[in-house]
Amino acid sequence: MNVWIEKQKYLIDFTLASLARRKAKNLGLLLVYSLIVFLLASVMLFTHALRQAANELLAGAPEIVLQRMVAGRHDLIPPGYLERIARLRGVLEKQGRLWGYYYDPVVKANYTFMVADDRLLAPGTLVVGAGLARTRGVAPGNLISFRAYSGKLFTFSIADILPAKSELVSADLVLLGEADFRAFFDIPPGHYTDITLRVANPLEVRNIASKLAQQFPDSRPILREEILRTYDSIFSWREGIVLALATLALLAFAILAWEKASGLSADERREIGILKAIGWDTGDVLRMKFWEGAMLSLSAFLLGYLAAYLHVFHFSASLLAPVLKGWAVLYPRFELSPVIDGLQVTTLFFFTVFPYAAATLVPIWRAAISDPDAVMRG
Amino acid sequence: MIFQPAILALLLSSLLCIGLLLAAAPYAIDLIRHWDLASGSERQLLRERRTYLLSTLLAFVFATQLVALALFVFNADRMASLFVGAMCAVGTLQANAFGFPALLAQILVFFLAAVWLVINHVDTQAPDYPLLRIKYVLLLCLLPFLLAAGVLQWRFFLALRADVITSCCGSLFSDATPGVTAELAAAPPLPTLLAFYLSLALATGCALLHRRGPRAGHLVALLSAVAFAVTMAAVLAFISLYVYEHPHHHCPFCILKPDYSYQGYALYVPLFVGTAAGLGVGAVQAFARVPSLQSIIPGVAGRLAGLAAAMFIAVAVVALLIIINSRLLLIDN
Numbered sequence: 001m002n003v004w005i006e007k008q009k010y011l012i013d014f015t016l017a018s019l020a021r022r023k024a025k026n027l028g029l030l031l032v033y034s035l036i037v038f039l040l041a042s043v044m045l046f047t048h049a050l051r052q053a054a055n056e057l058l059a060g061a062p063e064i065v066l067q068r069m070v071a072g073r074h075d076l077i078p079p080g081y082l083e084r085i086a087r088l089r090g091v092l093e094k095q096g097r098l099w100g101y102y103y104d105p106v107v108k109a110n111y112t113f114m115v116a117d118d119r120l121l122a123p124g125t126l127v128v129g130a131g132l133a134r135t136r137g138v139a140p141g142n143l144i145s146f147r148a149y150s151g152k153l154f155t156f157s158i159a160d161i162l163p164a165k166s167e168l169v170s171a172d173l174v175l176l177g178e179a180d181f182r183a184f185f186d187i188p189p190g191h192y193t194d195i196t197l198r199v200a201n202p203l204e205v206r207n208i209a210s211k212l213a214q215q216f217p218d219s220r221p222i223l224r225e226e227i228l229r230t231y232d233s234i235f236s237w238r239e240g241i242v243l244a245l246a247t248l249a250l251l252a253f254a255i256l257a258w259e260k261a262s263g264l265s266a267d268e269r270r271e272i273g274i275l276k277a278i279g280w281d282t283g284d285v286l287r288m289k290f291w292e293g294a295m296l297s298l299s300a301f302l303l304g305y306l307a308a309y310l311h312v313f314h315f316s317a318s319l320l321a322p323v324l325k326g327w328a329v330l331y332p333r334f335e336l337s338p339v340i341d342g343l344q345v346t347t348l349f350f351f352t353v354f355p356y357a358a359a360t361l362v363p364i365w366r367a368a369i370s371d372p373d374a375v376m377r378g
Numbered sequence: 001m002i003f004q005p006a007i008l009a010l011l012l013s014s015l016l017c018i019g020l021l022l023a024a025a026p027y028a029i030d031l032i033r034h035w036d037l038a039s040g041s042e043r044q045l046l047r048e049r050r051t052y053l054l055s056t057l058l059a060f061v062f063a064t065q066l067v068a069l070a071l072f073v074f075n076a077d078r079m080a081s082l083f084v085g086a087m088c089a090v091g092t093l094q095a096n097a098f099g100f101p102a103l104l105a106q107i108l109v110f111f112l113a114a115v116w117l118v119i120n121h122v123d124t125q126a127p128d129y130p131l132l133r134i135k136y137v138l139l140l141c142l143l144p145f146l147l148a149a150g151v152l153q154w155r156f157f158l159a160l161r162a163d164v165i166t167s168c169c170g171s172l173f174s175d176a177t178p179g180v181t182a183e184l185a186a187a188p189p190l191p192t193l194l195a196f197y198l199s200l201a202l203a204t205g206c207a208l209l210h211r212r213g214p215r216a217g218h219l220v221a222l223l224s225a226v227a228f229a230v231t232m233a234a235v236l237a238f239i240s241l242y243v244y245e246h247p248h249h250h251c252p253f254c255i256l257k258p259d260y261s262y263q264g265y266a267l268y269v270p271l272f273v274g275t276a277a278g279l280g281v282g283a284v285q286a287f288a289r290v291p292s293l294q295s296i297i298p299g300v301a302g303r304l305a306g307l308a309a310a311m312f313i314a315v316a317v318v319a320l321l322i323i324i325n326s327r328l329l330l331i332d333n
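So the sequence lines, in the order shown, correspond to chains E and S.
Residue 202 in the UniProt record's numbering sits at position 202 of the first sequence, with consecutive numbering throughout.
Residue 325 in the UniProt record's numbering sits at position 325 of the second sequence, with consecutive numbering throughout.
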């Protein structure tokens, strides 16, 4: 065993020296290789972090949301529904929510108006999301006016701005008191936008949803796990599409690797010829070339992955964001929390090192079988 | 649903591997038919050079298959969140009829590939390539398995649809549903526990015996295979219960989840490596009488037997730790 390890150590030593002798060629390949890893790793890290962020945010969401439908469109919940739900077993907590969208012609963006259920707001005051505050240029204490759909003008004062930490979900949010909300949107008392339900036992969620669907045929229950699943598939799908497109780049890279590996310079040929003349056999040359490829792959992988990590988590994935994030006037600014996932790293390894290794196999063999006398004479 | 990164990687690798093998097959046939070490003809020289390429290429393909199995299971587990009703890899694999066959085929390919790699290693140690023909015949026999595994994987991934309601591991591995999994799940814990440790002890003992002197090589392989089967049964019957601390949850896949701190990998990785090494010991015994291998095979087989013994001991220790650390009491003292 020790002999084997010693042998590999000397081979690696020799290979490193031989790589260093052809700096320009190898650095070029390393650069392109790292770039490919960087591109793919950025996509993977970014989507995974987004998925993680969505998971964390939705962890606190209610298990079930009940929406009433009229002619296939979302409608207000009429009085009496909340009381009827109370009779369902297993429902821990139920609450009518009031929220709606408002189009602001000033900045041409949609806001989400919502009644705050965890804080009491004095009449005539608002709490707004950081994205909105940035776009409209408002600060706490300022006044802001909105023209309601009824045509009346309402003026509110800004009580507070929501913390930037929650900006991913609250960029366009406007929180206000219930009375203000009903007056602004003209919603009569007792009506709600939808109902949220908390269920104590997660295994009961589906049962309660089917009971709800039976009891309220005009309503649809939306489950948290369904929302999570949808996010999961959408992010994975976007990631997959980008990766599938990137396979073209991968193909180009494989061709480049093939070319680089087969286009041995006269110097390299001479080197291999001399090695074989002094007693190396084909297997040794193959092993040396294997170490060469392994070291190149590993350094490119580490470099590319590190660069991608910095790109995504320190520079907010500025190169990829337009494709993967989606777009909106009031786009939230957010920092993703760094996550590294074993499956992602393994997948990435398969995507990059595997094609490289496959593409260089045959050229390496060609180089290794060359005859010493033919090489040294020619 | 093939636009999932891990699926793309798996499909890419299986496509490339099959392509490489198919490209290698004609050369392998040529080698089998015309190999003649005594000849000094130019064609023979070319063939000798080609063996380098072929064995490197095949080692590469089969090594990839070993990693692909891990990625396949890891991915199936992760994708469970995309299916209604699925809670772990079982749900994903049951989402259509090709899931479990694809997994079993991949496991089979794993062991066959491992055995081939062992034979290849032995062959390259000898100066006269005594196993060359056998190696390439075996390769041709392996090709259909790899093709089948690849096709099953393609069918499985192409047929995956998110709107299918699949079933959770609780329904497949419960003692109430009829079938072989239920029979295993219903196995009484104490006898299974004894059988588990007995089979591991036998396999380890035999491997250690083989390490000391070249005997009972085939028995090592046989006992390793038995230990593998019994361990899988033991996971179903009681080890999983200790992990979940729940007397009725028999799933062999949930133990791979982060919720149970990936304990399954600690159990399965040594089990698979140990079994593969044990099978390798048996596989090379057939060639122990080949003159140029007589001095090589005992060494290689001894090292493999040592590896197998170490891995089986690791399995036993991991299982013991799981049982000791669990708060579940399955067997009354």
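Each residue gets a CB set at the ideal place from its N, CA and C atoms; glycine is no exception.
Just so we're clear, the structure is a prediction, and the values are computed from it rather than from any experiment.
| Query | Result |
| --- | --- |
| Within-8 Å CB hit, Phe62 (chain S) to chain E | no |
| Reduced DSSP secondary structure (H/G/I, E/B, other) of Gly213 (chain S) | coil |
| Below-8 Å beta-carbon distance, Tyr52 (chain S) vs any chain E residue | yes |
| Rounded separation between Glu167 (chain E) and Gln52 (chain E) - CA only | 15 Å |
| Residue-chain proximity (Phe3 (chain S), chain E), Cβ-Cβ < 8 Å | yes |
| Selection of the stretch 36-62 of chain E by Cβ proximity to chain S, strictly under 7 Å | Met44 |
| Neighbour flag for Asp194 (chain E) against chain S, beta carbons, 8 Å | no |
| Contact list for Asp232 (chain E) against chain S, beta-carbon separation under 8 Å | Ser81, Leu82 |
| Member of S:Met79, S:Leu158, S:Phe110 whose CA lies at the smallest distance from the CA of Ala277 (chain S) | S:Phe110 |
| Chain E residues whose Cβ lies nearer than 7 Å to that of Thr166 (chain S) | The contacting residues do not exist; Thr166 (chain S) stays about 12 Å from chain E at best. |
| Beta-carbon proximity check, Leu82 (chain E) vs Ile195 (chain E), cutoff 8 Å | yes |
| The stretch 199-218 of chain E touching the stretch 158-178 of chain E, judged by at least three CB pairs closer than 8 Å | no |
| Below-8 Å beta-carbon distance, Asn75 (chain S) vs any chain E residue | yes |
| Under 7 Å (Cβ pairs) to chain S, residues found in the stretch 160-180 of chain E | none |
| For Met232 (chain S) and Leu190 (chain S), the rounded distance between their alpha carbons | 15 Å |
| Top-ranked residue by Cα proximity to Met69 (chain E), from E:Ala61, E:Pro78, E:Ala179 | E:Pro78 |
| Inter-residue Cα distance where the pair is Val235 (chain S) and Ile36 (chain E) | 42 Å |
| For Gln95 (chain E): DSSP bridge partner residues | E:Thr196 |
| CB contact below 8 Å: Ser13 (chain S) versus chain E | yes |
| Run of the alpha helix (DSSP H) containing Pro363 (chain E), from where it starts to where it stops | 342-368 |
| Distance CB(Ala89 (chain S))-CB(Ala80 (chain S)) smaller than 8 Å | yes |
| Pair within 8 Å by beta-carbon distance, Thr135 (chain E) and Ser157 (chain E) | no |
| Proximal residues of chain E, C-beta to C-beta of Arg78 (chain S) below 7 Å | Leu343 |
| Sufficient close CB pairs (3 or more, under 8 Å) joining the stretch 275-289 of chain S to the stretch 212-226 of chain S | yes |
| Neighbour-count burial assignment, Cys141 (chain S), 16 or more Cβ in a 10 Å radius | exposed |
| Ranges of the alpha helix (DSSP H) found wholly within the stretch 39-111 of chain E, counting only runs of at least 4 | 81-85 |
| Whether Thr56 (chain S) touches Phe354 (chain E) by CB criterion (8 Å) | no |
| Arg287 (chain E) classed as buried or exposed, judged by whether at least 16 other C-beta atoms fall within 10 angstroms | buried |
| Test: Ala221 (chain S) CB closer than 8 Å to a CB of chain E | no |
| Close-in-space but distant-in-sequence residues of the same chain around Ala254 (chain E) (CB under 6 Å, 5 per side omitted) | Pro355, Ala359 |
| Exposure label - Leu135 (chain S); buried when at least 16 CB within 10 Å | Before going further, note that residue 135 (chain S) is Lys rather than Leu in the sequence given. Buried, by the Cβ-count rule. |
| Span separating the alpha-carbon of Pro252 (chain S) from that of Arg220 (chain E) | 36 Å |
| Cβ-based burial, Ile119 (chain S) [other Cβ within 10 Å; buried from 16] | buried |
| Per-residue contacts from Leu243 (chain E) into chain S (C-beta, under 7 Å) | Pro5, Leu8 |
| C-alpha distance - Leu11 (chain S) paired with Gln153 (chain S), whole-angstrom precision | 8 Å |
| Three CB pairs or more closer than 8 Å across the stretch 173-183 of chain E and the stretch 24-38 of chain E | no |
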